[in-house]
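The next block holds one structure in the form of structure tokens; read it before the comments.
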Amino acid sequence: MTIESAERVSATDGSDNFVFQRSILAYYRAAELVGGRVLEIGTGSGYGVELIAPHAEGFVTIDKTPTRADLSGYDNVTFMQMKVPPMREIASCSFDWVITFQVIEHIKQDIEFLREIHRVLRPGGRLVITTPNRTMSLTRNPWHVREYTVDQFSNLLSSIFDEVELQGVFGDKKVMDYYYKNRQAVKKITRFDFFDLQHRLPRRLLQIPYDILNRRNRRKLLADNRDLTTGIRMEDYFLAPADDHCFDLLAVAVKKGE
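Under my numbering, the first residue of the sequence shown is numbered 1005, with each subsequent residue one higher.
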């Protein structure tokens, strides 16, 4: 069995459905807002392109790895491969919107990352950004440099941007039923971590074991709870003022106009 990183969420793998439906909500929200020139940082699998491209005059999407998404049907979409920060290939004040979903937790220089976003935005431009809420994480994710609480994320964004509106991504009863089953499954795995190695060992040593165990856990949850796992839809998630019980933090931050 091939084990793929759980950090690259699939739109077609049923074991990813809980995370995929949660992730796609951010794109639908962004599609309601964006216009003009849009920059995406973190193309991922590319499933957000079809939602954002119709609302943009020009859409540039970047990622550190080559994209497998088929962009041939879009005359307003450009893919650029680069690591960030910085974004030397991107001119200052060149975009009306920047969107970046589930990326900043992977970035060591998070302040520089946000400063670069601020730089490439035009005056009055806006950032739409998501990241996991640390208080709802079930275990350490060694692919993440760090995760944020509500206050930490709000304070970080406010240190760079002039206005910040912070919301949380919450789930209904169906979503929470899956979450609690997942939490029980994770506890069964981590109960053998007698020395708390998940927090003591360097991140890089834990990444491959984490991927293997995470993927196998998701697939077992799918096998044991197929109707629940595959029955979750985007509509089972909703936005409300962020607190400790939301899954993700979603912010819209504004660069002051001149």
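All C-beta atoms in this analysis are idealised placements derived from N, C-alpha and C, irrespective of residue type, glycine included.
### Query
Given TRP1101, which residues of its chain have a CB within under 6 Å of its CB, disregarding the five upstream and five downstream residues?
As a position in the sequence shown, residue 1101 is number 97, starting the count at 1. Residues of the same chain with a CB within less than 6 Å of the CB of TRP1101, apart from the 5 flanking positions on each side, are VAL1038, VAL1042 and ARG1130 in chain order.
### Task
Can you tell me the Cβ-Cβ gap for VAL1168 and ALA1255, rounded? I've got them flagged as a contact below 8 Å.
Sequence index remark: in the sequence shown, residue 1168 carries index 164 (1-based). Sequence index remark: in the sequence shown, residue 1255 carries index 251 (1-based). Taking 8 Å as the upper bound for CB-CB distance, VAL1168 and ALA1255 are in contact here, some 6 Å apart.
### Message
Is the beta carbon of VAL1179 closer than 8 Å to that of TYR1241?
### Response
Taking the first residue of the sequence shown as position 1, residue 1241 is located at position 237. Taking the first residue of the sequence shown as position 1, residue 1179 is located at position 175. If you check the CB distance, TYR1241 and VAL1179 come in under 8 Å.
### Query
When you compare only the Cα positions, how much space is there between ASP1239 and SER1027?
Residue 1239 sits at position 235 when you count from the first residue of the sequence shown. Residue 1027 sits at position 23 when you count from the first residue of the sequence shown. Sequence inspection shows Glu at residue 1239; the Asp mentioned does not correspond to that position. CA-CA distance, GLU1239 to SER1027, rounds to 12 Å.
### Message
Could you check whether VAL1088 and GLU1120 sit closer than 8 Å to each other, using their CB atoms as the reference points?
### Response
What you label residue 1120 is simply residue 116 of the sequence shown in a count that begins at 1. What you label residue 1088 is simply residue 84 of the sequence shown in a count that begins at 1. Yes.
### Cβ shell of ARG1222 (< 6 Å), same chain only, five flanking positions each side left out
For the purposes of this step, residue 1222 is taken as the residue at position 218 of the sequence shown. Setting aside the 5 residues that flank it on each side, ARG1222 is surrounded in the same chain by SER1019, each with a C-beta closer than 6 Å to its C-beta; the list follows chain order.
### Secondary structure of GLU1036, DSSP reduced to three states
Position 32 of the sequence shown, counting from 1, holds the residue named residue 1036. Secondary structure at GLU1036: helix, using DSSP grouped into helix, strand and coil.
### Length of the line joining the Cα atoms of ALA1189 and PHE1117
Here residue 1189 refers to the residue found at position 185 of the sequence shown. Here residue 1117 refers to the residue found at position 113 of the sequence shown. Distance between ALA1189 and PHE1117, taken at the CA atoms: about 35 Å.
### Task
Kindly list the residues whose CB is nearer than 6 Å to the CB of LEU1055, restricted to its own chain and excluding five residues on each side of it in sequence; keep chain order.
Within the sequence shown, numbered from 1, the residue matching residue 1055 stands at position 51. Contacts found: TYR1031 and ALA1035.
### Task
Assign ASN1218 to buried or exposed, taking buried as 16 or more other Cβ atoms, counted over all protein chains shown, within 10 Å of its Cβ.
Counting from one through the sequence shown, the residue named residue 1218 turns up at place 214. Counting the other CB atoms within 10 Å of its CB gives ASN1218 a total of 16 or more, which places it among the buried residues.
### Query
Relative to the C-alpha of ARG1072, which residue among VAL1132, PHE1083, LEU1161 and SER1162 is closest?
Within the sequence shown, residue 1072 is the residue found at index 68, counting from 1. Of the listed residues, the one whose Cα sits closest to ARG1072 is PHE1083.
### Query
Are the beta-carbon atoms belonging to PHE1165 and ALA1257 less than 8 Å from one another?
Within the sequence shown, the letter at position 161 stands for residue 1165. Within the sequence shown, the letter at position 253 stands for residue 1257. Closer than 8 Å, so yes.
### Task
Report the three-state DSSP secondary structure of TYR1241 (helix, strand or coil).
Numbered from its first residue, the sequence shown carries residue 1241 at position 237. DSSP places TYR1241 within a strand segment (E or B) once states are collapsed to three.
### Query
Between the Cα of GLU1109 and the Cα atoms of SER1076, ILE1133 and GLU1151, which residue gives the shortest distance?
The residue given as residue 1109 occupies position 105 in the sequence shown. Measuring from the Cα of GLU1109, the nearest candidate turns out to be GLU1151.
### Message
Within a Cβ cutoff of 6 Å, which residues of the same chain sit near VAL1013, ignoring the five residues on either side of it in sequence?
### Response
As a first step, residue 1013 is located in the sequence shown; it is residue number 9 there, counting from the start. Cβ-Cβ distances below 6 Å link VAL1013 to ASP1020, VAL1023, PHE1024 and SER1027 in the same chain, with the five nearest sequence neighbours on each side left out; the list follows chain order.
### Task
Thinking CYS1250 and PHE1157 are a contact (beta carbons under 8 Å), I'd like their distance in whole angstroms, please.
Walking along the sequence shown from the start, residue 1250 turns up at place 246. Walking along the sequence shown from the start, residue 1157 turns up at place 153. No, CYS1250 and PHE1157 are not in contact; Cβ-Cβ is about 11 Å, not under 8 Å.
### Task
Flag this pair as yes or no: are the beta carbons of THR1134 and GLN1106 separated by less than 8 Å?
The residue given as residue 1134 occupies position 130 in the sequence shown. The residue given as residue 1106 occupies position 102 in the sequence shown. Yes; because the gap between Cβ atoms is below 8 Å, this pair is in contact.
### Message
Taking the alpha helix (DSSP H) that GLN1202 belongs to, which residues open and close that run?
### Response
Here residue 1202 is taken as the residue at index 198 of the sequence shown, counted from 1. Note, GLN1202: alpha helix (DSSP H), 1201-1204.
### Query
Near THR1234, which residues of its chain fall below 8 Å by C-beta distance, leaving aside the five closest residues on each side in sequence?
Working through the sequence shown from its first residue, we reach residue 1234 at position 230. The beta carbon of THR1234 is closer than 8 Å to those of GLY1018, ASN1021 and LEU1226 in its chain, skipping five residues each way along the sequence.
#### Entry: Beta-carbon spacing of LEU1232, TYR1183 below 8 Å
Residue mapping note: residue 1232 aligns to position 228 of the sequence shown, counting from 1. Residue mapping note: residue 1183 aligns to position 179 of the sequence shown, counting from 1. Contact: no.
### Query
Would you say GLY1048 and ASP1067 are within 8 Å of each other, going by their C-beta atoms?
By one-based count along the sequence shown, residue 1048 stands at place 44. By one-based count along the sequence shown, residue 1067 stands at place 63. GLY1048 is a Cβ neighbour of ASP1067, given a cutoff of 8 Å.
### Task
Could you pull the start and end residues of the beta strand (DSSP E) that THR1134 belongs to?
To locate residue 1134, count along the sequence shown from 1; it is residue 130. 1125-1136 is the extent of the beta strand (DSSP E) around THR1134.
### Alpha-carbon spacing of VAL1053 relative to LEU1160, whole angstroms
Position 49 of the sequence shown, counted from the start, is the residue given in the question as residue 1053. Position 156 of the sequence shown, counted from the start, is the residue given in the question as residue 1160. The alpha-carbon of VAL1053 is positioned some 28 Å away from that of LEU1160.
#### Entry: CB contact flag (GLN1211, PRO1146, <8 Å)
Translated into positions along the sequence shown, residue 1211 becomes position 207. Translated into positions along the sequence shown, residue 1146 becomes position 142. A contact, by the Cβ cut-off of 8 Å.
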